[in-house]
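Notes to accompany the following structure.
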Amino acid sequence: MSADLQRAVLPTDIPLLPGVRVAACALLAETDADARGDWFDVVPTPAGQVGLVVGDVGGRGVAATVLTARLRTLVGERLAAGASIGETCAAAEALARRAPEVRGATMCLLVLDPDSGELRYCTAGHPPPLVLPAGGEPRYLPPSGSGPVGMGSACAVAAARLEPDDLVLLCTDGVLDRPGRDATAGTVELAQVAADAVGEHGDHRVPGAAAERACVDVMDALLRRTGHSDDLTLLSAQRLRRPDALGMSWSAEASAVRASRVVLAEWLRGLGLDEADLVSVQHAVGELMTNAVEHAYVGAGSETVRLEGALTDDGELRLRVSDHGIWRCTERDPPGGLGRGLAMTRHLCGELFLDRRVDGTSATVCFRPAHPARLLSAGPAPVPPGDGARDRLAIRDRSTASTASGARIRLDGAVDEATAVRLQAELRHRTQAGTRPLTVDLTGVTRLTAGGVAVLHGAMRDALPGAPLRLCAPPDSVAGYVLDLVALPYADDAARVP
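Residues in the sequence shown are numbered consecutively from 1, following full-length UniProt numbering.
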């Protein structure tokens, strides 16, 4: 059931928005026991910006899925209401106070202004965005400096800018930390694979095609190289030129229906509509154009019919057919013919508004085009030979009689959801529930995920004054990379820990 719930709480469709093309791809567990807490969302804001979020809630099964739903709903509602990144993060912190099980969740929250290219983002213990410039070298944006949700760190927001056709890619840690790859190597590999996917085989005739490739092609390439041991989520957005509004008039003749169909199809393809949506919209507008040509005017003359269209900032496609006459049934119409055509239009597009006045008639259809998020299923990939050691955690005592700052332990292996409970119990025992100092050497850690970070952060937070829990790791190690990401303080090596 939890695997089904996991899919139910994620978006199935990505809205089509002006000035930006967004795509998403997620590889999710196919069994209830393996269902985890990866999530993403795309949220248009009242200011004409678009919010992009990826996150990871620790744990597995129904509990992780429920927490995912709560956090995604909260973040989405705040962004949709116009809240800033700081206000949205504050709401997430408040949720963590009410529901402590949310603590340790990570997310990268980014808000992009398609018109200016300005973006603001917060990496709350999460991998930072990857920017793929048009014709340039890929680069990771610096982490903003915020820690995971519920850990008490301030919400630090950073800023950057996308040029036209630039692309930004967000991911969860499962994309970086795969079998045979630690997070450091995975970070380099993702940048290389993504740059190849969007740079070499571009179809510039399709608006935003690079965004789709940055998700689907990259996911495929990474899985073929290493397989996976966690959920994987990719969310991309490419900045595009804002599309022009549609506006054309024709003489109220039968040829206007055919001409408008051609013009409309070209304009809709420029927006990025897929063929199924394009056909539906064409049929709906064709009915309205036919009604205007056949029913608005009596007798011959130089009367006109006009077609206008626009894609709003929140992803609503509005198309308006107007004339200067009054729609009347003709002798050629079958009984109910005019009403039947309007009913078909409403069925095709969902919303139809008629405005009948003495100086003319207008009919407006509203439609929300979208394209599917790629929600894929797969069982856990086999671990490559010789890599099994990285999935075990060894805890070794490194205390000596001369250790003045308390006991010292070294961790070797994976510090993740599978080993977090054991590590938490070990830290509680060795610190006597936070009353004794302890140094934790993370040099040998091969994997450090959100679940492990939450345990370390909680132990540091619960330590009493005079009995600190200290972390140490080389800056270029797996642990050093993650600790920098989540803003947990640590010493460069064990010798430097006081």
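For glycine and all other residues, C-beta sits at the position ideal for the given N, C-alpha and C.
Remember, it's a predicted structure, so these values are computed and weren't measured experimentally.
Near Ala-254, which residues of its chain fall below 7 Å by C-beta distance, leaving aside the five closest residues on each side in sequence?
-> Val-293, listed in sequence order.
Backbone CA spacing between Arg-225 and Gly-434 [nearest angstrom] | Note on geometry: alpha-carbon atoms of Arg-225 and Gly-434 lie some 43 Å from one another.
Option nearest Pro-474 by Cα separation, candidates Asp-462, Thr-446, Arg-213 = For Pro-474, the nearest C-alpha among the options comes from Thr-446.
Compute the Euclidean distance between the alpha carbons of Ser-153 and Leu-352, then round it to the nearest angstrom.
-> Looking at the two C-alpha atoms, the distance is approximately 49 Å.
Would you kindly check if the distance between the Cβ of Ala-284 and the Cβ of Leu-348 is under 8 Å?
-> Yes, these two residues count as a Cβ contact at 8 Å.
In terms of residues, what are the limits of the alpha helix (DSSP H) holding Leu-488?
-> It is not in any alpha helix (DSSP H) - Leu-488 carries neither H nor E in the DSSP assignment.
Determine contact between the region 156 to 175 and the region 50 to 62, defined as no fewer than three beta-carbon pairs at a distance below 8 Å.
-> Here the region 156 to 175 lies against the region 50 to 62, with 3 or more beta-carbon pairs under 8 Å apart.
So which of Leu-222, Gly-76, Gly-104, Ala-394 has the shortest CA-CA distance to Arg-411?
-> One point to set straight first is that residue 411 is Leu, not Arg, in the sequence displayed. For Leu-411, the nearest C-alpha among the options comes from Ala-394.
Write down the C-beta distance between Ala-194 and Pro-138 rounded to the nearest angstrom, noting that I regard them as a contact closer than 8 Å.
-> Your pair Ala-194 and Pro-138 checks out as a contact, with CB atoms roughly 6 Å apart and the cut at 8 Å.
In angstroms with no decimal places, state the Cα-to-Cα distance between Ala-420 and Pro-18.
-> The straight-line gap from Cα to Cα measures roughly 44 Å.
So, helix, strand or coil for Gln-424, using DSSP?
-> Reduced to three states, the DSSP call for Gln-424 is helix.
Can you tell me the Cα-Cα spacing of Val-365 and Arg-21, whole angstroms?
-> For Val-365 and Arg-21, the distance between alpha carbons rounds to 23 Å.
Endpoints, the alpha helix (DSSP H) within which Ala-191 is located | For Ala-191, the uninterrupted alpha helix (DSSP H) segment begins and ends at 183 to 199.
Check Cys-349 in the structure and name its three-state DSSP category.
-> Judged by DSSP in its simplified three-state form, Cys-349 adopts helix.
Nearest to Gly-452 by alpha carbon, out of Arg-430, Ala-418, Ser-477?
-> Between Gly-452 and the set Arg-430, Ala-418, Ser-477, the nearest pair of CA atoms involves Ala-418.
Quick one, which of Arg-258, Leu-288, Ala-23, Arg-374 has its alpha-carbon nearest Leu-354's?
-> Comparing Cα positions, the closest option is Leu-288.
Around the Cβ of His-429, are there at least 16 other Cβ atoms within 10 angstroms (buried) or fewer (exposed)?
-> Counting every other CB atom within 10 Å of its CB across the protein chains shown gives His-429 a total below 16, marking it as exposed.
Rounded straight-line distance, which links the Cα of His-324 to that of Trp-250 = Distance between the alpha carbons of Trp-250 and His-324: 13 Å.
Between the CA atoms of Leu-317 and Ser-362 - distance to the nearest angstrom = In this structure, the straight-line span from the alpha carbon of Ser-362 to that of Leu-317 is close to 16 Å.
So Gln-238 is in the beta strand (DSSP E); what residue range does that whole segment cover?
-> In the DSSP annotation of this structure, the continuous segment of the beta strand (DSSP E) that includes Gln-238 starts and ends at 232 to 239.
By DSSP, does Leu-170 sit in helix, in strand, or in coil?
-> For Leu-170, the secondary structure class from DSSP, reduced to helix, strand or coil, is strand.
Arg-178 to Glu-77 span [Cα, whole Å] | Put simply, the backbone Cα of Arg-178 is about 32 Å away from that of Glu-77.
Does the distance from the CB of Val-415 to the CB of Leu-427 come in under 8 Å?
-> By the CB criterion at 8 Å, Val-415 and Leu-427 fall outside the cutoff.
Which whole-angstrom value is the C-beta distance of Leu-10 and Leu-273, which I expect to be below 8 Å?
-> That pair is no contact at about 23 Å.
In its own chain, which residues sit with a C-beta less than 8 Å from the C-beta of Leu-488, not counting the 5 before and 5 after it?
-> For Leu-488, same chain residues with a beta-carbon under 8 Å away, outside a window of 5 residues either side, are Gly-147, Val-453, Leu-456, His-457, Met-460, Leu-471 in chain order.
Under the three-state DSSP convention, the category Asp-441 falls into = DSSP places Asp-441 in strand when its eight states are reduced to three.
With C-beta atoms as the reference, is Arg-97 less than 8 Å away from Pro-164?
-> No.
State yes or no: is the C-beta of Asp-231 within less than 8 Å of the C-beta of Asp-38?
-> A Cβ-Cβ contact shorter than 8 Å links Asp-231 with Asp-38.
For residue 546, I'd like the list of residues in its chain whose CB is within less than 8 Å of its CB, leaving aside the five on either flank, ordered along the chain.
-> Residue coverage of the chain in this structure runs from 1 to 498, which leaves residue 546 outside it and unanswerable.
Nearest neighbour of residue 574, chosen from Arg-346, Val-257, Trp-327 [CA to CA] | A query on residue 574 cannot be resolved here, the shown segment of the chain reaching from 1 to 498 and no further.
Just reading off the alpha helix (DSSP H) that Asp-277 is part of, what are its end residues?
-> Its alpha helix (DSSP H) spans residues 275 to 295.
Below 8 Å between beta carbons: does that hold for Gly-86 and Val-157?
-> Yes.
From this set, Met-344, Tyr-121, Arg-7, which residue's C-alpha is nearest Ser-144's C-alpha?
-> With distances taken between CA atoms, Ser-144 lies nearest to Tyr-121 out of Met-344, Tyr-121, Arg-7.
Which residue's Cα is closest to the Cα of Ala-210: Gly-48, Gly-135, Arg-70, Ala-80?
-> Closest option to Ala-210, Cα to Cα, is Gly-135.
Below 7 Å CB to CB, which residues in the same chain sit around Pro-385 once its five sequence neighbours on both sides are set aside?
-> Unreliable positioning characterises Pro-385 in this predicted model, as indicated by a pLDDT of 43, which lies under 50. A coordinate reading is not provided.
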